[in-house]
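Numbering (our numbering), first residue to last: 65 to 260.
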């Protein structure tokens with residue numbers, strides 16, 4: 065039985081999409097990195113790798129979030145079933161406050177003293193990231209929901225070590241290919257006799 069996506073879930077997803085525009089303040093940070101001067105150099109040249117890494121980190125985080133939102137919207141359109149998209153919606157809700165906080169913080173730092181003034185929106189955006197983390201349910205609740213959805217698709221193991229444990233995999237491979245290994249050992253022994 066499917067559970068249709070509620071109007072509220074659509075509004076929440078639209079809010080996340082709207083926040084992507086707010087996160088677009090990275091452009092301002094990039095502009096500032098090219099314009100601000102210190103000791104006769106553009107800030108991105110003077111501070112070089114530091115500013116460039118901050119801009120790159122923000123770009124990556126924004127693009128990852130944008131793709132998560134787009135995939136979630138696609139799943140909503142495709143399935144129209146809240147239960148099938150619940151993990152994705154929780155992921156969007158859990159990720160957005162962190163993305164906003166990180167990108168706004170980097171932009172604030174790149175802008176220096178201007179970034180913390182009331183002339184730029186970055187300090188307010190950092191504060192807003194905390195509001196977002198509480199407004200639609202605490203971020204931790206969304207993470208718990210997401211984790212439960214992810215874990216229900218996996219089963220545990222009765223063994224001492226997980227199934228991906230290298231020593232366990234090695235023993236399984238030795239058992240599976242015992243005949244091939246025995247043949248290889250015979251060839252190797254013959255080669256050793258010929259060599260000596």
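Here a beta-carbon is modelled for each residue, glycine too, at the ideal position from N, C-alpha and C.
Assuming residue i contacts residue j (C-beta within less than 8 Å), just tell me the rounded distance between them.
i, j, result
"residue 245", "residue 238", "7 Å"
In or out: residue i buried (at least 16 other Cβ within 10 Å) or exposed?
i, result
"residue 226", "exposed"
"residue 194", "exposed"
"residue 157", "buried"
"residue 206", "buried"
"residue 129", "buried"
"residue 199", "exposed"
"residue 253", "exposed"
"residue 179", "buried"
"residue 133", "buried"
"residue 186", "buried"
"residue 221", "exposed"
"residue 251", "exposed"
"residue 190", "buried"
Taking the alpha-carbon of residue i as reference, which of the options has the nearest alpha-carbon?
i, options, result
"residue 169", "122, 116, 234", "122"
"residue 148", "249, 248, 209, 175", "209"
"residue 174", "127, 251, 256, 119", "119"
"residue 188", "201, 204, 171", "171"
Looking only at its own chain, which residues have a Cβ that is under 8 Å from the Cβ of residue i, when we skip the five neighbours before and after it?
i, result
"residue 196", "83, 160, 161, 164"
"residue 166", "121, 122, 125"
"residue 241", "none"
"residue 214", "151"
Starting from residue i, follow the alpha helix (DSSP H) in both directions and report where the run begins and ends.
i, result
"residue 212", "203–215"
"residue 161", "146–175"
"residue 248", "242–259"
"residue 200", "From DSSP, residue 200 is part of no alpha helix (DSSP H); its letter is neither H nor E."
"residue 224", "Where residue 224 is concerned, there is no enclosing alpha helix (DSSP H), given that its DSSP letter is neither H nor E."
"residue 7", "Since the first residue shown for the chain is 65 and the last is 260, residue 7 is missing from the structure and cannot be characterised."
"residue 122", "113–143"
Give every residue of the same chain whose Cβ lies closer than 6 Å to the Cβ of residue i, excluding the five residues on either side of it in the sequence, and list them in chain order.
i, result
"residue 154", "206, 209, 210"
"residue 37", "A question about residue 37 goes unanswered here, because the residues of the chain that appear run from 65 up to 260."
"residue 229", "none"
Comparing the C-beta of residue i with each C-beta of chain D, is any distance below 8 Å?
i, result
"residue 231", "Among the chains of the structure shown, chain D does not appear; only one protein chain is present."
Please list, in chain order, all residues of the same chain as residue i whose beta carbon is under 7 Å from its beta carbon, the five residues on each side excluded.
i, result
"residue 203", "158, 161, 197"
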